[in-house]
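Residue numbers (my numbering): 311 to 526.
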């Protein structure tokens, strides 16, 4: 089931895990690698925290650009000494600083790095992963496109991994991510309750508008 709604109506201060954790510098992130992007006219190595630093912008985190389709770029997120209870997530595809190409491995090797096909996975040991949501061949998820995915149940986890399963046609393995947010709460939060929605039979994708965390 798919609903077209405004993302701001679903991302609130009480249910945005990264927004709350960023204020206290609790977000930990590990990535498969990073590549460069032209930002304000100069090529710069991008940083994973660009995807959650709570800044509205048109530049992004670019993953490593794979040389083989056997490679699957990823980013792993955790909250220091906390457990997450997640009920969905928000993604905003790379905006590419409004450039013609998005991410560059070197001076000659640049690509669009649209999300296209990916999985959101959870783990409590950072070793064994369970896929809780998968998207296949979504050619819309490029150039600042944003969507929210709401789960029909709550998942408790210490780690969350976003991993690309298949590449955008014509591109090498690569992720350009402007923003990611996890919907839910941290275990132990006081007075913060995720607003319950009626359970759907299936996970839903909710399309809309929004933007805006890392540890220093």
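Just so you know, even glycine gets a beta-carbon here, dropped at the ideal spot from N, CA and C.
According to DSSP, residues forming a beta bridge with residue i
| i | result |
| --- | --- |
| residue 395 | 466 and 495 |
| residue 327 | According to DSSP, which records beta bridges pairwise, residue 327 is partnered with nothing at all. |
| residue 382 | Its beta-bridge partners do not exist; DSSP assigns none. |
| residue 476 | 427 |
| residue 489 | 402 |
| residue 530 | Residue 530 lies beyond the range of the chain shown here (311 to 526); nothing can be said about it. |
| residue 332 | In the DSSP output, where bridge partners are listed per residue, residue 332 has none listed. |
| residue 372 | 486 |
Span separating the alpha-carbon of residue i from that of residue j
| i | j | result |
| --- | --- | --- |
| residue 364 | residue 404 | 15 angstroms |
| residue 377 | residue 476 | 13 angstroms |
| residue 367 | residue 359 | 13 angstroms |
| residue 463 | residue 347 | 37 angstroms |
| residue 351 | residue 400 | 28 angstroms |
| residue 413 | residue 349 | 10 angstroms |
| residue 497 | residue 455 | 31 angstroms |
Cut-off 6 angstroms between Cβ atoms - residues of its own chain near residue i, not counting five sequence neighbours on either side
| i | result |
| --- | --- |
| residue 356 | 344, 347, 371 and 372 |
| residue 408 | 368 |
| residue 446 | 427 |
| residue 320 | 458 |
| residue 396 | 465, 492 and 494 |
| residue 488 | 370, 402, 404 and 405 |
Other residues of its chain near residue i: CB distance less than 7 angstroms, five sequence neighbours each side excluded
| i | result |
| --- | --- |
| residue 485 | 373, 383, 423, 425 and 474 |
| residue 472 | 384, 385, 428, 430 and 490 |
Rounded distance between the beta-carbons of residue j and residue i, thought under 8 angstroms
| i | j | result |
| --- | --- | --- |
| residue 381 | residue 479 | At roughly 16 angstroms, the Cβ-Cβ gap does not stay under 8 angstroms, so residue 381 and residue 479 are not in contact. |
| residue 459 | residue 436 | Not quite, the Cβ-Cβ distance comes to about 22 angstroms (not below 8 angstroms), so this is no contact. |
| residue 490 | residue 465 | Actually they are not in contact, since the Cβ atoms of residue 490 and residue 465 sit about 16 angstroms apart, beyond 8 angstroms. |
| residue 385 | residue 341 | 5 angstroms |
Contacting residues, own chain, Cβ-Cβ under 8 angstroms from residue i (five flanking each side not counted)
| i | result |
| --- | --- |
| residue 418 | none |
| residue 440 | 431, 432 and 433 |
Proximity test, residue i beta-carbon vs the ligand MN heavy atom, cut-off 7 angstroms
| i | result |
| --- | --- |
| residue 421 | With respect to small molecules bound, the structure shown includes none, and the ligand MN cannot be examined in it. |
Within the segment 339–365, ranges of the beta strand (DSSP E) (whole runs, at least 3 residues): Within the segment 339–365, the complete beta strand (DSSP E) segments of 3 residues or longer fall at 346–349 and 352–355, listed in chain order.
Ranges of the beta strand (DSSP E) found wholly within the segment 406–450, counting only runs of at least 3: Segments of the beta strand (DSSP E) lying fully in the segment 406–450: 426–433 and 440–448.
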